[in-house]
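Residue 87 in my numbering sits at position 98 of the sequence shown, and the numbers go up by one each step. These notes are about the structure you will find just below.
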Amino acid sequence: MNMLTYIIDNYFPRFLSWRRTSRQELEDTDTKILDALPCVKERKFVPVGEDRLWSVTCNPDNTGTPILMVHGMGGGLGLWTMNLDALSKNRPVYAFDLLGFGRSSHPSFSSDADEAEAKFVDSIETYRKEMNLDKFILLGHSLGGFLCASYCLRYPEHVKHLIMVDPWGMDTRPSEGTRRELPLLFKFLLPLFYAFNPLSMLRAIGPLGPVIVKKFRPGLAETFAEKLGDPSIFHEYIYHCNAQSPSGEIGFKSLTKHMGWAKQPMLERMTAIDPDLPISFIYGAQSWVDRNSGWKVKQARQSYVDVQILRGAGHHVYADRYNVFNSLVESIASSVDMGELPDLDRRLVKRIHAAPSTANFNSVVSEESDFQRPMGYPDENEESEMKAESDSGEGDGENLQEKEKRKSSVSL
């Protein structure tokens, strides 16, 4: 950590009582979220060596294959608010705050990428042992997707299906002419990310922090309010998660180079994952994450890989179109329960992707026979059609470009 970052994150805020946060305020906000979720039957700290992970268990008595959910950078288990109830109807669901994030312990991380990655993955494996999980579906978003893939490289015997949701850290940094366009605010923040810890500026601006957080994804806060009743709870949660003393974000920065690209991209390592382990990718059509990585993995692996792209969703695909996302994940999980590979028919996929954001799975799927064959690698015409549909915003009741004007798509 450089000296200026250290001053910003420690002496400057403390001297002026600058940050409007505390561990108690984070706990209070977290409690508001969990109290709104009937599925949560257990909430506790789980020991992982000298540290602890804050964890929730949903409907542990259900008999379906368990799902273990791993959030992304700058988040916490509360970001699964729109998913936990739905996904735990037939199975137990487990979620935790990653080491260094949210209410979990905030230890020091090495600046070495290998050591930082191993520390994250070791904590997940220790958590698995403490929770007596043997076989499960592993689902990770963004940084969580990267870490889930890393976990599968070391412990594939415990994972029955890997679901990578808009995963960060897949590919190498592209050349100038081929880079996917990033949101304007993200472009502005990247140099600050490179100079300091990723969230140092949020802490440095002190009382302005909560105000700035309210500008992040107002549409996402409105979505969470459907469960929580008040959009401010989402803003409070994001602020208190990220205004704490940095830890996980330091570990994340150790994994990066060139302003946010992975030092050791996961794409070139995916072929080393056990070929018997099925993999599904779920991307948001309007996300800044390059979904071509999913297709590349599908081409490179001689085993099951499926790629789904949800129209009308950005990086936070699990919330932007939560009903459709939940339906897709449940269809994958149901196949795992039956000992089969997911077998989504192209016609079904098109209907799911074209459905309004508020549609549920049962209203979209009319016949079980729609599950006939897996979605294969798209030919040139199909890929062009998908891109045209994504760009036009058809099938979602509102032009997607207009949606994106209302919502910033900066990653958390």
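All C-beta atoms, glycine included, are put in the ideal place defined by N, C-alpha and C.
Subject >> Delimiting residues of the beta strand (DSSP E) encompassing D40 >> reply: 40 to 47
Original post:
Applying the criterion that 16 or more other CB atoms from any shown protein chain within 10 Å of the CB defines a buried residue, is T18 buried or exposed?
Top reply: With 16 or more Cβ atoms within 10 Å of its Cβ, T18 is classed as buried.
**OP:** Grab the span of the alpha helix (DSSP H) containing K287 for me, first residue to last.
**Re:** 281 to 289
**OP:** Determine the burial state of M327: buried for a count of at least 16 other Cβ atoms within 10 Å of its Cβ, exposed for fewer.
**Re:** So M327 counts as exposed.
Subject >> Counted within 10 angstroms of its Cβ, other Cβ atoms place Q291 as buried (16 or more) or exposed >> reply: exposed
Subject >> Meets three-Cβ-pair contact criterion under 8 Å: the region 88 to 104 and the region 238 to 254 >> reply: yes
**OP:** Would you kindly report the start and end of the unbroken alpha helix (DSSP H) that includes H95?
**Re:** For H95, no alpha helix (DSSP H) segment is defined, and its DSSP state is neither H nor E.
**OP:** Report buried or exposed for D155, applying the criterion of at least 16 other Cβ atoms within 10 angstroms of its Cβ.
**Re:** buried
Subject >> Which listed residue (E319, E329, E257) has its alpha carbon closest to that of F135 >> reply: E257 is the residue among E319, E329, E257 whose C-alpha sits nearest the C-alpha of F135.
**OP:** For N121, count neighbouring Cβ atoms within 10 angstroms of its own Cβ and tell me buried if that reaches 16, exposed if not.
**Re:** In summary, N121 is exposed, with fewer than 16 beta-carbon neighbours lying within 10 Å of its beta-carbon over all protein chains present.
Original post:
What span of residues does the alpha helix (DSSP H) with H60 cover, start to end?
Top reply: No alpha helix (DSSP H) holds H60; DSSP gives it neither H nor E.
Subject >> Beta-carbon contacts of K246 that lie in its chain and below 6 Å, excluding the five residues immediately before and after >> reply: K252
Original post:
From which residue to which residue does the alpha helix (DSSP H) around E14 run?
Top reply: 12 to 24
Original post:
In terms of residues, what are the limits of the alpha helix (DSSP H) holding H224?
Top reply: Per DSSP, H224 belongs to the alpha helix (DSSP H) from 220 to 231.
**OP:** Step through the CB atoms of chain B and report whether any lies within less than 7 Å of the CB of D103.
**Re:** Of the chains in the structure shown, none is chain B; there is only one protein chain.
Original post:
How is L151 classed by DSSP in three states: helix, strand or coil?
Top reply: strand
Subject >> Cβ pair count under 8 Å reaching 3, the region 125 to 140 against the region 37 to 52 >> reply: no
**OP:** Determine the burial state of T52: buried for a count of at least 16 other Cβ atoms within 10 Å of its Cβ, exposed for fewer.
**Re:** exposed
Subject >> Rounded separation between S269 and I222 - CA only >> reply: Pairing S269 with I222, the inter-Cα distance amounts to about 32 Å.
Subject >> Limits of the unbroken alpha helix (DSSP H) element including L209 >> reply: 207 to 217
Original post:
In or out: D101 buried (at least 16 other Cβ within 10 Å) or exposed?
Top reply: exposed
Original post:
Would you report the Cα separation of S276 and L244, rounded to the nearest angstrom?
Top reply: 21 Å
Original post:
Quick one: Cα of T260 to Cα of V286, how far?
Top reply: So the two alpha carbons sit approximately 8 Å from each other.
Subject >> 6 Å CB neighbourhood of S139 in its chain, flanking five on each side removed >> reply: E106, V110
**OP:** Could you work out which residue in Y116, G303, A214 is closest to I22 when comparing CA atoms only?
**Re:** Taking each of Y116, G303, A214 in turn and checking the Cα distance to I22, the smallest one comes out for A214.
Original post:
What residue range is occupied by the uninterrupted alpha helix (DSSP H) comprising D103?
Top reply: 102 to 119
Original post:
If we ignore side chains and look at the alpha-carbon of each, how far apart do I24 and Q288 end up?
Top reply: The displayed chain sequence assigns Asp, not Ile, to residue 24. For D24 and Q288, the distance between alpha carbons rounds to 44 Å.
**OP:** Can you tell me which of G89, L15, L68, E39 puts its alpha carbon nearest to the alpha carbon of A210?
**Re:** L68
Subject >> Run of the alpha helix (DSSP H) containing V425, from where it starts to where it stops >> reply: Lying before the first or after the last residue shown, residue 425 is absent from the chain, which here runs from -10 to 401.
Subject >> Nearest-angstrom Cβ-Cβ length linking A84 and M58, presumed shorter than 8 Å >> reply: 4 Å
Subject >> Pick from V306, S320, G249, P264 that is closest to A274, judged by C-alpha positions >> reply: Considering only alpha carbons, the answer is V306.
**OP:** May I have the straight-line CA-CA distance separating R280 from D332, to the nearest angstrom?
**Re:** 21 Å
**OP:** For E329, name the three-state secondary structure that DSSP assigns.
**Re:** The answer is coil: DSSP assigns E329 none of H, G, I, E or B.
**OP:** Can you give me the Cβ contacts of D160 inside the same chain, cut-off strictly under 7 Å, excluding the 5 residues immediately before and after it?
**Re:** P254, L256, D279, S282
Original post:
Taking the beta strand (DSSP E) that L128 falls in, what are its first and last residues?
Top reply: 125 to 130
Original post:
My guess is that I271 and L317 are in contact by the Cβ rule of under 8 Å, so how many angstroms apart are they, rounded?
Top reply: That pair is a contact at about 6 Å.
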